[in-house]
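One structure is given below, encoded as structure tokens.
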Amino acid sequence: MALQFDPAYNRRKRRLQTAVFGLFRLLSYAIALVLFVILGFIIVKGISVVNWTFLTQAPTDGMTGGGIWPAIVGTFYLMLGSALFAFPVGVVSGIYMSEYAPGGKLVAFIRMMTNNLAGIPSIVFGLFGMAFFVTYLDFGDSILAGSLTLGLLALPIVIRTTEEAFRDIAPSYREGSLALGATKAQTIWHVLLPMAMPRVITGLILSLGRVSGETAPILFTCAAYFLPKLPASIFDQCMALPYHLYVVATSGTDIEAQMPIAYGTAFVLIVIVLVMNLVAGLIRRHFEKKLNTK
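Sequential numbering of the sequence shown, starting at -6, is according to the working numbering.
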């Protein structure tokens, strides 16, 4: 029996499709508008505070003057320390999950727990870091304890990004390398890892962009209210931009005088995160270009 063409049904289908896509477009514009409103508010309030003195000096006059240089340095120390922990552990774990772990319920359980770990509130990581790194391992309130805690926070993202990057590589690359006599380790190191590296690096940098704005984990492990000098070792406390922003905006003797400092700190923190996202994109394109030229 031949199918009958119904013009009325076709028109209703097109109208429904147009309405649904219009709704999706409207929601996308609304999300972008909220983002631009937030960024615009922070830029307008904070850019007038940012100058060379603000970026290169320590806070003075009861946190109502000076700058945020120790907080900037402390933030970069924590980000570097967390990357040194999360990158090797996360990449090796992701490779194992993708290339070595046998399939079955155990791997599914590990993958589920990794996903659950990514959804745990950051304050739980902070409490764990205080109990384990600060107290049990006796690292004290230090950059080391804070970096390891933030590294744990970033670890699930790196693991999942690495695993997905390796799993998306076509099996023919593995089979071709093994057929030429390469071992599995050589195949991973010389063939698969360079192909997966753009996504792995991007995942790492984006995870660091997230941990750079976390307050709860460093509140319990390393952050100091005020330090007029830079830390001398990994066992010293440090200032950090998110905690400094929290303290300036909620505590102190003169909140009104401190609010411009808070907006300036928020502006610098946003710029750091945006720069890291830009760097992630540039690194990804660099590795993709290298792969395409081979």
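Using N, Cα and C, we set each Cβ at its ideal position, and we do this for glycine too. Quick caveat: nothing in here was measured; it's all calculated off a predicted structure.
Its Cα nearest to that of residue 255, the residue 237 stands out among 272, 237 and 269. In this structure residue 181 is in contact with residue 88, their Cβ atoms being roughly 6 Å apart against a cut-off of 8 Å. When the five nearest sequence neighbours on each side are left out, the beta carbons in the same chain lying within less than 6 Å of the beta carbon of residue 79 are those of 144, 147, 148 and 151, in order along the chain. The Cβ atoms of residue 111 and residue 197 do not sit closer than 8 Å to each other. For the options 239, 228 and 92, the alpha carbon positioned closest to that of residue 126 is the one of 228.
Unbroken alpha helix (DSSP H) runs of no fewer than 4 residues, entirely contained in the segment 101 to 134, are found at 115 to 122, following chain order. Rounded to the nearest whole angstrom, the CA to CA distance from residue 46 to residue 62 is 9 Å. Around the C-beta of residue 11, fewer than 16 other C-beta atoms lie within 10 Å, and the residue is accordingly described as exposed. Counting other Cβ atoms within 10 Å of its Cβ, residue 191 reaches 16 or more and is therefore classed as buried.
Minimum Cα-Cα distance from residue 219 among the listed residues 208, 231 and 210 corresponds to 231. In this structure, residue 142 lies near residue 210, with their beta-carbon atoms less than 8 Å apart.
For the pair residue 74 and residue 137, the CB atoms are nearer than the 8 Å cut-off. Residue 52 is bridged by DSSP to 59. Three or more Cβ pairs drawn from the segment 28 to 42 and the segment 251 to 270 lie within less than 8 Å of each other, which places the two stretches in contact. DSSP places residue 175 outside both helix and strand once states are collapsed to three, so it counts as coil.
Going by beta carbons, residue 213 and residue 133 fall outside the 8 Å limit. Look at residue 79 here: in three-state DSSP terms it is helix. The straight-line gap separating the alpha-carbon atoms of residue 120 and residue 128 is approximately 11 Å.
For residue 184, there is no enclosing alpha helix (DSSP H), as DSSP gives it neither H nor E. Within the segment 182 to 236, the runs of alpha helix (DSSP H) at least 4 residues long that lie entirely inside it are, in chain order, 186 to 204 and 209 to 212. Nearest to residue 72 by alpha-carbon distance, out of 15, 234 and 239, is 234. The alpha-carbon of residue 16 is positioned some 37 Å away from that of residue 279. DSSP places residue 37 in the uninterrupted alpha helix (DSSP H) bounded by 0 to 39.
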